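Its first residue numbered 14, the sequence shown is counted upward by one per residue in this note's numbering.
For every residue, glycine included, the Cβ atom is placed at its ideal position computed from N, Cα and C.
Computed from a predicted model, the values in this text were never measured in an experiment.
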Amino acid sequence: MQTQRRAAVIGSGPNGLAAAVVLARAGVDVTVYEGAETPGGGLRTRPFGAEGAVRDVCSAVHPMVLPSPFFRALGIKERVDYAIPEISYAHAVRPGHAAIAYRDIERTVAELGRDGAAWRNLLGPLAANIDTLLDVSLNSMLRVPRHPILTVRFGLRVLEQTGALKNVRWRGQDAPALLSGAVAHGATKQPSFAAAAAGLVLAAAAHGEGGWPLPLGGAQVLANELVRDIEAHGGRVLTGRWIRSLDDLDGPRPDIVIADTSARDLACLAGPALPESYRRALERVPYGMGIAKIDAVLDGPVPWLDPRLEASGTVHVGGTASQVHAAENQTLKGHYPHRPFVLVAQPGAVDPSRAPEGRHVLWAYSHAPAGDDRDRSETLLDTLEEHAPGLRERMVHLESTTAERAGEENPNYPGGDIACGRLDLYRLFARPVLAPQPWRTPTKGLYLGSAAAVPGPGVHGMSGYLAAATALADAGLALPREFAGIR
């Protein structure tokens with residue numbers, strides 16, 4: 014009788030939990046090690062203030078969960094309650110005026126006026142095939158495309174948004190500003206191939222069936238459901254267990270080890286188990302911008318000058334496209350801007366359970382220089398108050414997180430880099446290194462399954478899934494039947 018294979022997953026972020034789900038369902042004896050007291054990594058939700066409110070530590074809005082190949086195969090739509098706002102996201106262009114990305118693309122087209130048809134032409138074909146688009150974009154870029162026509166269509170649109178042609182299709186300011194907010198999630202040079210690729214996927218998802226949904230009760234509910242699935246299939250999740258070396262794992266060395274860590278942390282914890290050349294390559298992986306974040310409890314909704322913003326789960330505050338680009342590029346050069354681009358989540362727009370009656374939770378961040386130790390809350394609030402005067406007067410509780418502190422609280426966010434490594438053209442293909450199977454290390458049984466590996470950041474679970482699928486193939490074990498269609 015064949016002995017049951019053993020696996021360890023280091024880290025319980027969405028990718029680590031996804032990897033453990035796949036391994037446990039394949040019959041592998043899985044243990045997940047998490048240093049914090051609560052599993053979930055960037056999916057954690059914590060009590061907030063003294064009045065019973067909760068806040069999402071990092072991830073709050075999940076545009077890639079419902080169309081993700083991994084989560085579709087897992088049937089997550091039937092297992093976790095998501096609220097899907099009619100407004101996927103909005104962009105405050107100037108005080109009192111916003112551009113709106115409704116889930117209904119035709120409503121968006123109508124409000125964009127003379128640029129409406131161009132918006133439909135750019136994003137309509139991608140939104141209509143959002144599941145297939147994520148099949149293409151959430152995998153290795155070195156493989157032969159399974160959907161060549163959509164891949165070419167997507168690639169041409171990305172190229173258009175990276176250079177001199179980026180403004181050719183637009184005649185007004187609203188449409189390019191609305192797109193720039195999605196593109197800025199890429200946290201890299203603006204405009205650029207990597208930023209445009211990430212932004213077009215997010216903008217297309219806004220008009221897909223799932224829109225930009227928020228999990229009812231907070232992001233922790235998704236982590237908890239993944240933990241339940243692991244345990245239901247014989248796995249276990251251990252919290253309060255920091256793994257700083259492979260020798261810290263319980264028992265004999267497992268057959269499979271998947272690290273949901275940064276590339277440099279993998280180099281550190283594996284040490285001499287890795288070839289020196291590969292270890293040096295991991296240590297050279299560059300990090301991107303950090304974040305400066307505020308969380309607040311308000312005694313009413315955000316007092317937006319444009320009242321339509323109150324119904325949006327996500328609001329981008331950044332002005333015109335050129336202003337967004339300037340703020341992001343200044344930050345990338347190490348200088349925090351006077352008026353940063355700010356990403357805002359308003360869970361109360363669709364989920365009143367986040368705070369007691371009469372209270373609202375505000376979640377907002379800007380990018381900041383990596384490792385920045387300065388409290389940027391006043392600048393963030395100044396920027397928001399240009400579009401929502403009186404916001405400060407509505408605050409009953411405020412907490413601020415610097416980029417430095419974000420990195421200290423979660424080692425996968427070095428210097429506050431929530432992408433776990435810079436996103437640029439090269440790192441779309443070589444994440445962490447240029448290889449057909451970038452999740453596999455040269456050391457037998459050791460894999461990287463985090464945002465530091467292809468396909469990169471976001472709550473989609475695919476980095477963990479692909480690491481687990483590679484590990485199962487290397488071990489001669491079959492994928493669970495429900496995941497067999499993901500390639």
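- Residue pairing by DSSP places TRP376 opposite ASP308, ALA358 in a beta bridge.
- The three-state secondary structure of ILE162, taken from DSSP, is helix.
- The DSSP assignment places complete alpha helix (DSSP H) segments of no fewer than 4 residues inside the segment 45-120 at 82-87, in order along the chain.
- Non-local beta-carbon contacts of GLN17 in its own chain, meaning distances under 8 Å to residues more than five positions away in sequence, involve GLY40, VAL41, ASP42 in chain order.
- For THR327, the enclosing beta strand (DSSP E) starts and ends at 327-330.
- In this structure, ALA324 sits near ILE100, with a CB-CB distance shorter than 9 Å.
- Sequence-distant Cβ neighbours of LEU215 in its own chain, meaning closer than 7 Å and more than five residues away, are PRO76, ALA195, HIS198.
- Below 8 Å, enough C-beta pairs join the segment 251-271 and the segment 46-53 to call them touching: three or more.
- Scanning its chain for C-beta atoms nearer than 8 Å, with the 5 sequence neighbours on each side dropped, one finds around HIS348 the residues PRO382, in chain order.
- In the DSSP assignment, MET154 is bridged to no other residue.
- For ASP42, the pairing in a beta bridge is given by DSSP as ARG19.
- Residue pairing by DSSP places LEU436 opposite no residue, since no beta bridge is assigned to it.
- Taken through DSSP and simplified to helix, strand or coil, GLU421 comes out as helix.
- In this structure the segment 321-338 touches the segment 176-189; the number of beta carbon pairs closer than 8 Å is three or more.
- Looking at THR201, GLY313, ASN237, GLY247, the one whose alpha-carbon comes closest to that of ALA401 is GLY313.
- Annotation for LEU485: the continuous alpha helix (DSSP H) segment containing it runs 475-487.
- Judged by beta-carbon spacing, LEU345 lies within the 9 Å limit of HIS380, meaning their Cβ atoms are closer than that value.
- In this model, ARG57 and ARG407 are separated by some 26 Å (Cα to Cα).
- Shown here, PRO493 sits in coil according to DSSP, grouped into three states, outside any helix or strand.
- When rounded, the separation of the alpha-carbon atoms in ALA123 and ASN134 is 13 Å.
- When DSSP states are grouped into helix, strand and coil, SER193 belongs to the helix group.
- Beta-bridge partners of GLY303 (DSSP): ALA381.
- Look at PRO228 here: in three-state DSSP terms it is strand.
- Judged by DSSP in its simplified three-state form, GLU412 adopts strand.
- Shown here for ALA188: same chain residues with a beta carbon closer than 6 Å to its own, the five before and five after excluded, namely LEU125, ASP128, TRP132 in chain order.
- In this structure, the alpha-carbon of GLY301 lies about 12 Å from that of SER275.
- DSSP, reduced to helix, strand and coil, places ALA31 within a helical segment of the structure shown.
- In this chain, the alpha helix (DSSP H) harbouring VAL214 covers 206-219.
- Under DSSP, ILE431 takes part in no beta bridge, so it has no partner.
- Taking TYR439 as reference, the option from ILE143, ARG59, PHE206 with the minimal CA-CA separation is PHE206.
- With 16 or more other CB atoms across the displayed protein chains lying within 10 angstroms of its CB, ALA465 is buried.
- Per DSSP, the continuous alpha helix (DSSP H) segment holding TYR291 begins and ends at 289-296.
- In the displayed model, LEU251 falls within a strand according to three-state DSSP.
- The C-alpha of VAL67 is placed about 10 Å away from the C-alpha of PRO360.
- For VAL181, no beta strand (DSSP E) run applies, since DSSP gives it neither H nor E.
- The bridge partners DSSP lists for ARG453 are TYR460.
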